[in-house]
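What follows is a short report on a single structure.
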Amino acid sequence: MISTLILGIALLIIGFYAMLTRKNLIKIVIGFSIADTGTHIIIVSLGYLRGKTAPIIDGAVSMVNAVSEVVDPVPSALVLTAIVIGLAVTAVMLSFIVEMYKKNKSLSIDDYQELKW
Amino acid sequence: MVSPIYILVLSLAAGFMLSIFDKGGRRLSLTAFYGVLTFNLAVMVDWLYRLAFLHAPTLVINTAGFKAPISINLELGITEAFVLLLTNLTGLLAAVYLFKKFKESRVSSLILYLLLIMGVNGLVMTQDLFNMFVFLEILSISTFALTVLTKNSKTLSAGFKYMIAGGVASTFFLLGVVFVYYFTGSLNLGFLRAGQFTDAGMIALFMLAVSVFIELKPFPANGWALDVYQSVDSGIVSVIAVVNSAAIGFVFYKIMPLLPGNFLTVFGIAGVITFFFSNMMGLKQDNAKRLLGYSSIGQMGLLLASLVFTANSPANIRYLIIGGLFINHLISKAGLFWLAGIVKEEKIKDWTILRNNKPLLVLFGLFIFALSGLPPFAGFWAKWEFVKVLVDAKMFFVLVSVLVGSLFELIFLFRWFTNTVKEANSELEPMDPPGKGKAFSAISFGLLAVITSFGIMRFFYEFNWIQVLPILAVLVITLIDSLPSKVKGFLSLAALAGYGYYIYPLLESNLQLFFGVIFIVGSAVNLISTLNRKEQSKGFYGFLLMMIFSFGNLLIASTYLEFFLSWEFMTISSFLLILRGQKAQRASLMYMIFSTAGAYLIMAGFSFAPALTSSSALILAIENVNLPLISIIALAIGFMIKSGSLGVHIWLPEAHAEAESDVSSFISAILLKAGVFGLLMVAISYISHSPNFDVFYWIGWIGVLTALVGAFMASFQEDAKRLLAYSSMSQVGYVVAALALITHLGWVTSLYLAFNHMMFKSALFIAIAGIYYRTHTRTMYKMGGLISRMPWTFMTVLMSIIAVSGVPPLSGFGGKWLTYTAFITKGWYLQAGVLFFASGISFLYLYRLIHTIFLGQLKYEHQNIKEAPAWFIIPQYIFLGGIMAISMFPNLIIEPLNSIAMRYFSSSIQINGLTVISDLGYWNGNLVMYVTMAVFAVPFILLMLVKGRTQRVKQFNIVYAAERPESPQTTHVAHNMYAHYRKALGRLTLPRIQTFWNGVAEWAHTFGGFFRRVYTGNGQTYVLHIIMYIVVIYIVMGVR
Amino acid sequence: MIKNVAVILSVIGLVVIFLPVISGFQEREDLNELGADYVQGSINELETPNVVTSVIVTYRGLDTLGEVTVLFLATVGVGLLLKGNKEDMIKISSLELLETTSSVLVALIMILGIYIFTHGHLSPGGGFQGGVIVASGFLLLMLSNVNARISQSIMHFVESFSGVAYVAVGVAGLVLTVGFLNPGVLPFGKFGDLFSSGAIPVIYSLIGLKVGSELTSILVTMRGE
């Protein structure tokens, strides 16, 4: 669906924008999450077939005509993996922030520049 | 035969179980951990053997029992097996390196590490794009977490930057994968074809490729990586820099066939830019690990560029280039990171403590040499072939960037090396002994470097053992290095005799034979002076033999590569010999930089040269080769750097002066002749294939000016060795100028002068070595009156300077006669005039040398010194004998030289008995000798008669007006002897060339310092860099 | 200032990159070959009603194994990072009402979670979804009752056990049938039954257990125990 595709891309760009402008570490990670979610929406949108239903063979889908009645199962499978991976990365990022805050008592990304050049 | 799927299975099972195992004690979990890593390696060894030697077909593993593209499949071909063998090996050794850490930290770190290595295996083998994404994430997350294996605020912030950068890159990768699926309906690389991507589908490929490219840390979107390299534990960093990069680089390699040509070109150029700028910025870096970071990033850029630009090369060459660069990066980078962990010093200047541990110091040198792309290590061969590919493809921008970038890299690496070996450091703290695991890993990689080098030389190039001899010499001498120095010296002489006996029949022409005499016989005589060494002199004879054998190998080299290999061996060994000097840090570094710049020019010059058609020695085969102009210029400059021509000479005085006394004579008398030999080779091709532009006319002028400036500079030196150094420069200037005449008489002159110079400069340097040995000073005004204490040495110096100056009766006179005749015959009158003037100047410094040291009054502290030891006197008199012989009987040398030159030109001289007759006149050395003797005898007898009436004056018997100067010597005429000439020359004596090169160095550093400011340290800025990079690449590629 | 301009330029750049994607987007009408193969295969070969589950657990089983690994790595990584954060744990005692009602809810949530992962081959949902629900039950428990103790070692054990069992089922597929992770090690049963589709429900349940215990373990670590 084009509307969800646009939504996904919008979220992606909003997420990146947040990553580029927010100083707070947690907000940066939120930005990352938004971008990640945008990606997931893009994935699902690309797998959608007009007027088709979920690829589960039950009452709504006949076994014989299944192929012509369901949406593409692949992006659905991929997005699940992508979501879980996104979650894992976010969890590790947040743990980093917890520890960084404990060491330096600051959540501003500008306070973590001792390594440079 | 174990299926590599079990690598994944076993790693996962062990990974899941490790925390339970750990309940039964760390020993259990560690056993499982190392067991699995070893298993991985064993599987890959097995498969590489099968694939490479038993020609097993590429292994395809279909998961879930369905064929691709229905299911995900893994593939293990020879390339995959090769990469995985090396990465698993590095993984295992890095784990061994981290043993102590793993024993003490939580079991989590073991799990993360094990699964990281599994991720690498999966990433390399999988054929499915989305599966790649999954393995990439496994790799990334475990790496992220491992960055804080040592947890402090630096690793935390570096890790965080790494994560957000990696997060952005993987988002794009994921999008790329999904778009690929959307446009083609497939995720499997085996089923994707470049043709399936329409214009709209390019976005899919773009995202896929650019995200992988970002993960490979292109300049300038790579600040995050540098922070990680700098802060994270060395063991982990070695994995990130080597194993992770290799796996991700391999992903790029796998998707490359899908990418359109313009994408690849942009990526290739971006890789080259990364290589160039990383190395330039590395110049300003003083933190060891961050420096290695810059170098790693640069190497990855080079590797990517080579992946792209060798796409059309024959498979074996491509494998050699990419494989060579990869192995080289892997070994030396991991090795250096490990050493960084062992040394535990952040700043490069504190690495001097490594001197406390000689084996590690040697290892350090080995890795630095390998990383700099010096032979015999893999990077050398890769670079040689890569340059050839670039030249053939006419990619000159890439060529120049690669060479200049390599030079930058060499500069900072060798600055580090020479600093570590030589920097004066009063408080040399003892170094903590390295842990067994750490040392084991580092040493293993040292061995691996050696093994791969020999492998390439033996199996790829199939070199004769003689080409490897220089290296073998070092190894053999290292084995017997505990013997007394004298024994090693005699053994070296014997080895040299054996070598001479071996190559004598291989010298097909008189020209080779002539240089053989200079290189081998000259070295052998010079070697006698080293027998005086009392201390152990560890390593000295190894490198000395390496150098001499390399000289010899230059003569018999029959391909460009053999010649260049010997040339590089010669450079390395002479560098190491110079470095032995007490204060030789700066001198040796400068020597190495200039030599390498020259070597790159030579490499490029050979790459431009057409293929050889004959199998005889290069110096002969080159006759039939039509070198293009660019090749002639590159080669000529390269060789003239070695012979110390004006403009590129500034390494010369430093190196001569700071090397150990008995080494200086080798450098001046013999090493410089290697440059002449090279130049002669270029000239030989030039005779029959001269391009429109008369290169040698200008080379002639450079030679003439070198002779003049060298003579001037020599006159202003206080240091005897610097004086001789500039004198060498000046004399070789004559040789080059005469060579540039490209006439029969010119070449006879040139070779005559070269031979003469070899003899008298050896004698002079050894004489000064003897004096230094007794007086411990090289500053001439601190000496004086030594004629009474060291008469034998005085005799040598007297004879030698007569031979230099060209006054009758000694050989120099013949040289001068030949020179002027040759120049006038050619019609180079102005040049002849300048040379004439230069010979006048040379009297100044020669007089200064003998007057200041031997005449005048003996200093108090030298009242009781003895004559130089016999080991110094013997070679001096052998050379004097030689000088006398060719002075009395010039035909001994003129005749062979005549025949050498007649190979290329018709003869312009006649030899009639003892007389040489040219168009302009004749010269009879024998007659000149007798006449001069007679002229000499008259005043000599007169002086002997008046000798009794001389009055002796006490030292410093001078009345001073009101004060006694602190160092009365400085009031002596010998101090600042030619101050008035200097004044007269005024601004002309300013060291402009020195200033010029200093300026070049400063500019390079300033640029490096300027560009590295993009790395602000702010993680957010780094994300901005990445996104902007993606946008810019999108625009440059014109994806739409 | 320069940075702001750069940010704006980057965002514009991203828009420029993605605009053609939107403008050129054509909604697909029919399943492509691979998708059709999956739908057919799920019905005929794996006898699994939920095609997405077939793809996840079997056809792209290696992805899923990797995905489980990623989550596991996150657990381990978070554990390594947040080790021993006891000092700043805030304890506020909760109301009895909240405690009592939540404990009822927790049990229901757990049952729902288990239902979802055991029926992953039949209905929407599966191991990941079920595991997340189970973990959210534990989250509710932790939020409502500060004194609730959740044993990390049990969680680790479940995690390890289910992980190893998952790999073991996969290897069984390799040894007993045609390939790693092939579900044919168990009988396929009747289409649409709970005990059908070969090893798929077993694998999905193991994944559910693993995901549930891993996420819970992350929560416990983050809570600071």
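Chains as they are written, first to last, in this note's numbering: chain L, 768 to 884; chain W, 874 to 1913; chain R, 558 to 782.
Just so it is clear, CB atoms sit at the ideal spot from N, CA and C, and this is done for glycine as well.
Fair warning: this is a prediction, and the values are worked out from it, not measured in the lab.
Within chain R, the residues placing a beta-carbon under 9 Å from that of residue 1004 of chain W are 617, 619, 620 and 623, ordered along the chain.
Taking CB atoms only, residue 1103 of chain W has a neighbour in chain L less than 9 Å away.
The continuous alpha helix (DSSP H) containing residue 1714 of chain W extends over residues 1702-1727.
Exposed is the label assigned to residue 928 of chain W, since fewer than 16 other Cβ atoms lie within 10 Å of its Cβ. One finds 839, 840 and 841 in chain L with Cβ atoms closer than 7 Å to the Cβ of residue 592 of chain R, taken in chain order. Residue 799 of chain L is outside the set of residues whose beta carbon lies under 9 Å from a beta carbon in chain R. Annotated three-state conformation of residue 1783 of chain W is strand, per DSSP. Contact of residue 1889 of chain W with chain L is assigned, a C-beta pair being separated by under 9 Å. For residue 1788 of chain W, the enclosing beta strand (DSSP E) stretches over residues 1788-1790.
Residue pairing by DSSP places residue 1796 of chain W opposite W:1789 in a beta bridge. When secondary structure is reduced to three states using DSSP, residue 945 of chain W falls in the coil class, being assigned neither helix nor strand. Using a CB distance cut-off of 9 Å, residue 1001 of chain W counts as an interface residue toward chain R.
Bounds of any alpha helix (DSSP H) do not take in residue 933 of chain W; it lies within the beta strand (DSSP E) bounded by 932-935.
Annotated three-state conformation of residue 1849 of chain W is coil, per DSSP. The criterion of a C-beta distance shorter than 9 Å is not satisfied by residue 1622 of chain W and residue 1640 of chain W.
Residue state for residue 1309 of chain W is assigned as helix, using DSSP reduced to three classes. When Cβ-Cβ separations below 9 Å define contact, residue 789 of chain L makes no contact with chain R.
Using a CB distance below 7 Å, the part of the stretch 844-855 of chain L facing chain R consists of 844, 847, 848, 851, 852 and 855, ordered along the chain.
Neighbours of residue 1187 of chain W across chain R, judged by C-beta separation under 9 Å, do not exist; the nearest C-beta is about 36 Å away. At least one CB atom of chain R sits nearer than 9 Å to the CB of residue 1907 of chain W. Put simply, the CB of residue 595 of chain R is near chain W, with a gap under 9 Å to one of its CB atoms. Look at residue 1061 of chain W here: in three-state DSSP terms it is strand. Listed along chain R, the residues sitting closer than 8 Å to residue 866 of chain L by beta-carbon distance are 638 and 639. By the rule that beta-carbons nearer than 9 Å mark a contact, residue 659 of chain R does not touch chain W. Distances from the CA of residue 1571 of chain W to each of W:1069, W:1854 and W:1610 were compared; the closest alpha carbon is that of W:1610.
When C-beta atoms of the stretch 679-686 of chain R are compared with those of the stretch 602-616 of chain R, three or more pairs fall below 8 Å, so the two segments count as touching. Interface with chain W (9 Å Cβ-Cβ cutoff): residue 806 of chain L is included.
By the 16-neighbour rule on beta-carbons within 10 angstroms, residue 1303 of chain W is exposed. Chain-ordered, the chain R residues with CB closer than 7 Å to the CB of residue 988 of chain W read 626 and 630.
Nearest to residue 775 of chain L by C-alpha distance, out of L:810, L:786 and L:790, is L:810. Interface criterion not met: the Cβ of residue 675 of chain R is under 9 Å from no Cβ in chain W.
At least one beta carbon of chain L lies nearer than 9 Å to the beta carbon of residue 1886 of chain W.
According to the DSSP assignment, residue 808 of chain L belongs to the alpha helix (DSSP H) that extends over 792-814.
The straight-line gap separating the alpha-carbon atoms of residue 1558 of chain W and residue 1112 of chain W is approximately 50 Å.
Nearest neighbour of residue 1236 of chain W by Cα position, chosen from W:1271, W:1337 and W:1290, turns out to be W:1290. Nearest in C-alpha terms to residue 863 of chain L, of all of R:661, R:631, R:657 and R:655, is R:631.
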